[in-house]
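*Asks:*
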Amino acid sequence: MNKAGTDIQFAICGSAGDGTIAAGDIMKRAAAAMGFHVIAFDVYPPEIRGFGKCISRIRVSSEQAYSLKEQTDVFVSLNDGHAIPHVGEVRDCGAVIYDDHLIAPVPEGGHISAHVRPAQIPYGLPIRQVSEQATNSARSRNIVVLGYVAGLLDMPPEPFHKVVNQKFATKPPAVAEANIKAFDAGFEVGRKVFRLDDVEVGSAPEADRGEAVMMTGNGAIARGFLEAGIQSYFGYPITPATSIMERLAVELPKAGGRFLQTEDEISAISATIGAGFAGSRAATATSGPGLALMTEMLGLGVMAEVPAVIVCSQRGGPSTGLPTKTEQSDLNLAVFGGSGDAPRIVIAPTNVEGCYRCAGMAFEIAEAFQVPVILLIDLYLSNRYETVFPSGRNVFAPKPRQAPERREGEEYKRFALTESHISPRALPGDPDMMYTATGLEHNELGKPGDVLHMKMNAKRHEKLKPATRYPGLTTCKRFGAEGKVDVGILGWGSTFGEILEAMFEAQEEGISCSAMKVVMLSPLPEEELRAFFDDCEVVLVPELNYQGQFANLVSGALGRPVVRLDRTCATPMAVADILAEVRRLASDVNEPAHAAAGGGA
Amino acid sequence: MAAPLHHVIIGSGSAGFGAAKTLREGDPDCRITMFTMDGIPFYHRYELPEIFRGRTDWRDLLAVPPSFYDEHRINLRRRCRVVDVDGAAHTVSLAHQETVPFDSLLVAAGGRAYLPENLTGQADLIHGFGSFEAAMKVYRDLPKGGSVIMIGGDMIGIDLLLTLLSTGYSVTLIVNAQTFWPHELSAGERAPLLDVLRNKGVRVIENARPVGISARNAGAPARQVALDDGTEVGGDVVMAFCGLASSVEFMLRADVDIERGLLVTPELRTTNEAIWAAGDVCQIWHDGDKAYKFYHGWKNVRVMGELAARNIQGAHEPFDVDVEDSIWVGEDGEIHSTFWTRET
Amino acid sequence: MNERVEPVYLEEKLEEIRADGHLRYRSRSLPTWCPGCGYFSMADGLTVALNRLGLDNKDVVVVSGIGCASRFPFFVNTYGFHTLHGRVLPVATGVKIGNDALTVIAVGGDGDAFAIGAGHIPHAARRNVDMTYLVFDNGIYGLTKGQTSPTSALGFRTSSTPYENGDMPLNPLLMLLSYEASWVGQAYAGRPHHLTDMITMAIEHKGFSFLRILSPCVTFDKTDNTYRNLGMKVRDIPEDHDPSDRLAAMALAMEEDHPALGLFYREDRDTLGEVMQDAARKAQAMNLAPKGL
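Going down the list, the sequences are from chains A, B and C.
According to the numbering used here, the residues represented by the first sequence are -11 to 589, in order.
According to the numbering used here, the residues represented by the second sequence are 8 to 351, in order.
According to the numbering used here, the residues represented by the third sequence are 584 to 876, in order.
(1) Do we get a CB-CB distance below 8 Å when we pair Cys87/B with the residues of chain A?
(2) Indicate whether Leu509/A and Ala336/A have their beta-carbon atoms separated by less than 8 Å.
(3) Is the beta carbon of Trp188/B less than 8 Å from the beta carbon of Gly250/B?
(4) Quick check on the DSSP output: what are the complete beta strand (DSSP E) runs of length 3 or more inside the region 158 to 198 of chain B, in order along the chain?
(5) Taking the alpha-carbon of Thr29/B as reference, which of Glu191/B, Arg88/B, Asn206/B, Tyr76/B has the nearest alpha-carbon?
(6) Between the Cα of Asp828/C and those of Ser761/C, Ala770/C, Met815/C, Lys816/C, spot the shortest distance and give me the residue it belongs to.
(7) Give, in chain order, every residue of the region 76 to 109 of chain B whose Cβ lies closer than 8 Å to some Cβ of chain A.
(8) Please list the partners that Trp65/B has in chain A, where partner means a Cβ-to-Cβ separation under 9 Å.
(9) Using a beta-carbon distance below 8 Å, is Arg105/A in contact with chain B?
(10) Got a sec: is the Cβ-Cβ distance from Val31/A to anything in chain C below 8 Å?
(11) Does DSSP put Val631/C in a helix, in a strand, or in coil?
(12) Does the beta-carbon of Val336/B have 16 or more other beta-carbons within 10 angstroms, so that it is buried, or is it exposed?
(13) Among the residues of its own chain, which have a CB less than 8 Å from the CB of Cys557/A, if the five just before and after it don't count?
(14) What's the C-alpha gap between Val187/A and Gln(-3)/A?
(15) What residues in the region 429 to 447 of chain A have a beta carbon less than 8 Å from any beta carbon of chain C?
(16) Let me know the secondary structure DSSP gives Ala(-1)/A once reduced to three states.
(17) What separation, rounded to the nearest whole angstrom, lies between the Cα atoms of Leu606/C and Lys596/C?
(18) Put Thr260/A into one of helix, strand or coil per three-state DSSP.
(19) Going by C-alpha to C-alpha distance, which of Leu737/C, Lys789/C, Leu685/C sits closest to Leu638/C?
(20) Near Ala210/A, what residues of its chain come up, given a Cβ to Cβ distance below 6 Å and the 5 sequence neighbours on each side ignored?
(21) Does DSSP put Tyr224/A in a helix, in a strand, or in coil?
(22) May I ask which residues mark the beginning and end of the alpha helix (DSSP H) holding Lys28/B?
(23) At a cut of 8 Å, does the region 311 to 326 of chain B reach the region 264 to 280 of chain B through at least three beta carbon pairs?
(24) Tell me whether the region 479 to 495 of chain A and the region 514 to 522 of chain A touch, counting them as touching only if at least three CB pairs, one residue from each stretch, are closer than 8 Å.
(25) Pairs of beta-carbons, one from the region 24 to 44 of chain B and one from the region 124 to 135 of chain B, closer than 8 Å: are there three or more?
(26) Pair every Cβ in the region 297 to 307 of chain A with every Cβ in the region 316 to 330 of chain A, then say whether three or more of these pairs are closer than 8 Å.
(27) Under a three-way DSSP split, which group does Ser735/C fall into?
(28) Is it buried or exposed for Arg572/A, if we count other Cβ within 10 angstroms and need 16 for buried?
(29) Measuring CB atoms only, is the region 713 to 722 of chain C touching the region 789 to 799 of chain C, in the sense that at least three cross pairs come out at less than 8 Å?
(30) Candidates Pro842/C, Ser735/C, His777/C: which alpha carbon is nearest Lys805/C's?
(31) Give a yes or no on contact between the region 687 to 694 of chain C and the region 643 to 663 of chain C, applying the rule of three or more CB pairs nearer than 8 Å.
(32) Can you tell me whether DSSP reads Gln59/A as helix, strand or coil?
(33) According to DSSP, is Val817/C helix, strand or coil?
(34) Anything in the region 705 to 729 of chain C with a Cβ closer than 7 Å to a Cβ of chain A? List those residues in chain order, please.
(35) Does the separation of the CB atoms of Ala698/C and Glu763/C fall below 8 Å?
(36) Could you tell me how far apart the beta carbons of Pro775/C and Ser624/C are, in whole angstroms, since I believe they sit closer than 8 Å?
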C-alpha cells in the first residue's frame, strides 16, 4: 500500500436495529462512486433478530489496498454498549463520533466519551435529535451520522445523495427524500465542526480502468458465473455461502437459467453433477460442512469425468464450528476429500476481483478438463466488499462447444486414452454416442468390464497438470523483490491480503522479502513454487488453520521445509503478526552466528 | 480492601491539571477523572496568541503529551459538559445523561469571557478567545494584515493585542473599565499604558461605549461597531476582553455557597465537605480584608490547583498570596505585568 | 392368463421380435442378474415401452443409483448414468433441468430408494420433476448378498436379521401418495405385459411418475417374495377405482396382503420445468433488484 494519497478506514458500530450495515453500505458505495478503491467487511451478530453487535469497516484508498487496516481513522458509535470495546482500534488523532444526548441515563463509564483516549479526537453530536428534527423519526440516526462524517471530512454530498436514491429506489419516494433530509441535516452539523483530527480524504485518483463496481466476494462469484453463462444452479442455504444462492435466485431466471433450492447439499451436488452430465453449465455453493457431505458425489464427478463448479466458502470448523467466523481449514477437504485418488481442480482466489475472475473462468476450466472445479474462498472473502473493475462484456462468455467426431453407436469410447488424457465428451442428445457414465472403474467405453484401473487413474491425474498454465488464469504470482531474498512469504486465499500488507511494510523496513500467492491449490503450480523456494532463504506460510494445511500441502509436494504461522483466531490474520514473524526470520537469516553455523554454503 | 478514592475534577486548565498531577503524586491508587468541554488535552491558555506566530497545530500547544494521562492514570474526559452536581449524593451529572459518583470534587471550571450587557444580543458577531478552537477561528477569519476591534482589553486581550501587532495586524482598542483587568487602575494610571499602545500603532478609543455591532458583508467576517458618540469603527473581527465571569451555573444544587464565584475557605474547601474549588471559579476568604476575593492569573491558579489537591488528601495549607499584582511601563518602554511574567 | 393356447414357434417369434424394433434399445452388455431374476422382465418392459413410444435412444437417459437394479443403465442402449447409492433422484433431477428435452428414467431397488435415498423421494415428488421413477422392489439387498431392506417383511430372516426382522416394512405407495407424487402405480415382474403397459403410461405422464414393481429375488429370498407367493397375492386393481381419488388410492395402498396392480393415482399439475419457465417469465416482468443494491 502506497503511503501517499488517501488511505482512510471508517468503522461504524451499532446494534442490529440501528441501520449500521446500511450506513456502511452507503459509505462504501459513495466512496467507490467518488473513484476510490474500497475494501469493506461487515461483522454481524449470529442471532437473526435482536440487538446484537454490527460493525461495518470500510477502507477507502487512492491506491489498491489488500486488506483492512488494524487501526481505524474514523469511528462512529450508534450504540455505545457495542462500540466501547472497539474504541481502542482508533488511531491517534483519529475521530470518534457519537451521540452526546442519550435518551436514558447511564452509570459512570456507560457513555463512550469515558473511553476515548487522550490522543483520539472525540466528536459528540445530538444524533437522535438531529434525526428527529429532520425526519420526525429517530430511525434516520444512521444516515444523519453519515452526513455528519461527510460534512466533517469535507466529502462531497452528491455521491451520497446518489447512492441513497439508488438504495431506496424501490421504496416510495418519501423514503429516499427523508433519508436525503437526514443526510443533509447531519452534513450541515458536520460541516460547522471545528476539526482537531488529521484525517484527510483528499481527491480520488483518475479512473483509468472504467467504472468501479462495489461487490462482495459472493457477489463477485455470482457475477462471474452470470457473465460466464451459468445455466443451472443448485444450492442449499449455509453461512457464509447463502448470498451466492440468493443473488442467483434473482438473476438466473432473468438470464433464462434454472435455479433450484434443493433438500440438502447432497442433492445440490448431485443435481449439479447430473446437469453437468447433461451438458449444462452448473454450479453449487456451500461451506465446509456442506462440502463434507458433497465429497462422495465429487468423487463420482472425478470418476465419471463430469464438469461441475462447486464454491466452498470456509468458516470456522470442524463440525458446525464457528458459522459466522472466518477460517481457512477446509483446504484438506477441498483438495483431498473423498474416497480413493480423486484429483480435482481447486482454485482459491485471494481477493474479490479474484473471485470474479476465477468464477468467470470456472466453467470453461471444468469443461476443458472434464472435472469438478472447487472455488475455495472463506467468510472474510465472501462478505467483504471491494471495488472491482469488471471485464468488458463477453470476456467470460462460453465458447461454442466442439462435439466429438461421430463414433458408431456402442463403440463410442467416452473415456478414450488420448495423448492429452482428455477424451471427447458426448452429451445426451448427441446421436450414436450413447454411453453410460459410472462411478465404477471402467474401460475406454465406460463399461465396468475389462477395467483399466491404473491407466484410468493416470489419465484422471495427468489430464489436470496443464491446468496450472491455463491461459487467462493467474494460478500463482510473485510480489515484491525479484531474485534472491531473505524471507519469502507464501500464501493463499484471503490471508494473502494481510501477507501483502505485511510484506510492503517489511520492505519499507529494509527487509529483503518477497511474497507469492498460490491461487491453484490442486494441481499445484510446482515449477513456480520450486523457483520461489530456490530464491528464498526461508519461506513463511501464514494461514488461518491449526494444522498448517497449506504448509503441509506445499512442503509435502516439494519436499522443502517451511516456517508455519498458523492462527485460528476467528478473525483475519493480523498484519502485525505476520510482520513480527518476518522480522524474526530476517534477523535469523542475517545473524552472523547463525550463518556461520549454517556452513557458509 | 477499600475501594480506591475517586477524585473528580471539573476543568482541565492550569488549576485542574495541576490538581490531577498532585493527586496522583499523593496517592498512587486513587481514581482521577477530569471533565472538560475542550476537545484537546491541557494547554496553557496564555500560549494561544502563539497561534498567530504559526503554532496552529494543537499538538504543539499541549503542556504534556497525551500519553501523560495514560501513564498517570488520569481519565481525561473531553467534550463533557457538567450540568449538575448533587452535593448530598456526591454525584456529577453530565449533559449526555451519565452520572458519575465522587469521593471528592474539585471545581476548577474557570471563567468565561464577560460580555458587556448591552452587547449580549450580538454575541454571535463577537469572536471569543477562550479556547484553542475559538482562537483558531479568529486566526482563520482574520485576513492577513487585517484589523481587530478589541472591546475592553483585559490582560489576556492585551497579550493577544501585542502579538497581533508584532505579526502585522492592526488593532482598534475601545477602552472601558475592564481594560487591563484584573489590574484595577485609575484613569491616570492607565494613561501611560495606553500611550505605549498608541505608540505601537494601536488606535485607542476612549470615552465612547460600543452600542451595536453589525456584519458589513454577508458571509464575510467583517464587522462595523457603532459607538454611543454616533461614530462607527470598522474591522475584520470584533473581540471582547472584559474580564472573566465564573462558570458556576451547574453548582446550584451542590449545597455550596455562591456569590459571584464559589465561596471557599483559605484551604479552598466550599461549604460542602466533599467539594473544593480552585482557579478563576472561586472566591477565597481573606481574613485581613474580611471578604471573599478572586485571585486571577496563571500563577495563582496553578498554585490553587496543587494546594486544593494536597488539602483534599488531608493537608491543611491555606492559600497565601505572595506577590502583589502590578502593571507598569518598563525601562524598555514596554508594558510589564505580573499577570504575564509572574515576576515583579 | 391363457395366452399360450396356440403353439409358439421359436423362429417365428424371433422374427417377430426383431421386426418389432425394441431390440435397438438393448445394449450388447449382458445383464449380470441371476437367472430367473424379475429384473429381466423390467428391462424388457422398458425397451418395449421406449419402442412403443417411438423415443429416440439419444434422447433418453436412464439414471440409477447402486444395487442390483441400478446396474440397469448398462443393459439399455440409451444414455445412462450409474451414480451413487441413494442419489438417483437428485442426479436425475439435475439431468432433466440440465436438458429439458431429454426423457429421464430413474431406476433403482428398494434399498437405494427407501433406505439411503429415502430423503430425496419426497422432494422429487413434490417438485413434480418430469421423469419416471421405476423402483424394483424385491425386499432385499441382493448385490451385497442378502441383507434386510426397508420393505422386508416382519419376521424375515436374512444375513443381517438372523433372529428375524423386527422393523416394520415401509409402505412405498402410501409414502408416494402422501409425498404429492402426481402419478403412482404398481406392477409385478411376473406379469410382463401389464408391466410394459404400466411403464409406458408412466413415461407418458407429464410430471413425476412412480412405479413400484414387485419382484422376487430368486437367490436370497426363498420364502417370502417368491414367484409363487407373489403370484398368489397380487390382484388387478378394482375396475371402479377412481385414480383421481387420492384417499381411495391410499386405502388401496394399505391393503398390503393383496397388492393391487395398476394405476393408483394421477393428477395434472405444473412440472418443475414449467415452474422454472414461469419464474423466468416473472423475472423478466418484475426485474427484481438483487438483495443489497
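The C-beta atom is built at its ideal place from N, Cα and C for all residues, glycine as well.
*Replies:* Per the coordinate set shown:
(1) One-based indexing of the second sequence puts residue 87/B at position 80. Chain A contact via Cβ: present.
(2) The residue labelled residue 509/A in the question sits at position 521 within the first sequence. The residue labelled residue 336/A in the question sits at position 348 within the first sequence. Their beta carbons are under 8 Å apart, which means Leu509/A touches Ala336/A by this criterion.
(3) The count along the second sequence starts at 1 and reaches residue 188/B at position 181. The count along the second sequence starts at 1 and reaches residue 250/B at position 243. It is a contact, given that the beta carbons lie within the stated cut-off.
(4) 177 to 181
(5) Within the second sequence, the letter at position 22 stands for residue 29/B. Thr29/B has its Cα closest to that of Tyr76/B, out of Glu191/B, Arg88/B, Asn206/B, Tyr76/B.
(6) What you label residue 828/C is simply residue 245 of the third sequence in a count that begins at 1. The closest CA to that of Asp828/C, considering only Ser761/C, Ala770/C, Met815/C, Lys816/C, is found on Ser761/C.
(7) Tyr76, Asp77, Asn82, Leu83, Arg84, Arg85, Arg86, Cys87, Leu101, Ala102, His103, Gln104, Glu105, Thr106, Val107, Pro108
(8) Start at 1 with the first residue of the second sequence, and residue 65/B comes out as number 58. By Cβ distance, chain A contributes Leu184.
(9) Counting from one through the first sequence, the residue named residue 105/A turns up at place 117. Yes, its Cβ sits closer than 8 Å to a Cβ of chain B.
(10) In the first sequence, residue 31/A corresponds to position 43, counting from 1. Chain C contact via Cβ: absent.
(11) By 1-based counting over the third sequence, the position of residue 631/C is 48. It is helical.
(12) As a first step, residue 336/B is located in the second sequence; it is residue number 329 there, counting from the start. It is exposed - the Cβ of Val336/B has fewer than 16 other Cβ atoms within 10 Å.
(13) Translated into the one-based positions of the first sequence, residue 557/A becomes position 569. Closer than 8 Å at Cβ, skipping near neighbours: Leu532.
(14) Position 199 of the first sequence, counted from the start, is the residue given in the question as residue 187/A. Position 9 of the first sequence, counted from the start, is the residue given in the question as residue -3/A. Approximately 10 Å, taken between the alpha carbons.
(15) Lys435, Pro436, Gly437
(16) For the purposes of this step, residue -1/A is taken as the residue at position 11 of the first sequence. Strand, per DSSP.
(17) Walking along the third sequence from the start, residue 606/C turns up at place 23. Walking along the third sequence from the start, residue 596/C turns up at place 13. Taken atom to atom, the span from the alpha-carbon of Leu606/C to that of Lys596/C is near 13 Å.
(18) Position 272 of the first sequence, counting from 1, holds the residue named residue 260/A. Here Thr260/A sits in helix by DSSP.
(19) Counting from 1 along the third sequence, the entry for residue 638/C is found at position 55. The shortest C-alpha separation from Leu638/C is found at Leu685/C.
(20) Here residue 210/A is taken as the residue at index 222 of the first sequence, counted from 1. Ile232, Arg235, Leu236, listed in sequence order.
(21) For the purposes of this step, residue 224/A is identified with residue 236 of the first sequence, where counting begins at 1. Here Tyr224/A sits in coil by DSSP.
(22) Here residue 28/B corresponds to residue number 21 of the second sequence, with the count starting at 1. Note, Lys28/B: alpha helix (DSSP H), 21 to 33.
(23) In short, these stretches touch, since the Cβ pair count reaches three.
(24) Contact fails: fewer than three Cβ-Cβ distances are below 8 Å.
(25) Contact between the region 24 to 44 of chain B and the region 124 to 135 of chain B is absent, because fewer than three Cβ pairs lie under 8 Å.
(26) yes
(27) The count along the third sequence starts at 1 and reaches residue 735/C at position 152. Ser735/C: coil per DSSP, three-state reduction.
(28) The residue labelled residue 572/A in the question sits at position 584 within the first sequence. That one is exposed.
(29) Counting C-beta pairs closer than 8 Å gives three or more between the region 713 to 722 of chain C and the region 789 to 799 of chain C, which meets the contact rule.
(30) Numbered from its first residue, the third sequence carries residue 805/C at position 222. The candidate whose alpha carbon is nearest that of Lys805/C is Ser735/C.
(31) yes
(32) For this step, residue 59/A is matched to residue 71 along the first sequence. Looking at Gln59/A - three-state DSSP - the assignment turns out to be coil, as it is neither helix nor strand.
(33) For the purposes of this step, residue 817/C is taken as the residue at position 234 of the third sequence. If DSSP states are grouped into helix, strand and coil, Val817/C belongs with coil.
(34) His706
(35) Position 115 of the third sequence, counting from 1, holds the residue named residue 698/C. Position 180 of the third sequence, counting from 1, holds the residue named residue 763/C. Taking 8 Å as the Cβ cut-off, Ala698/C and Glu763/C do not qualify as a contacting pair.
(36) Along the third sequence, one-based indexing puts residue 775/C at 192. Along the third sequence, one-based indexing puts residue 624/C at 41. Right, their Cβ atoms sit about 4 Å apart.
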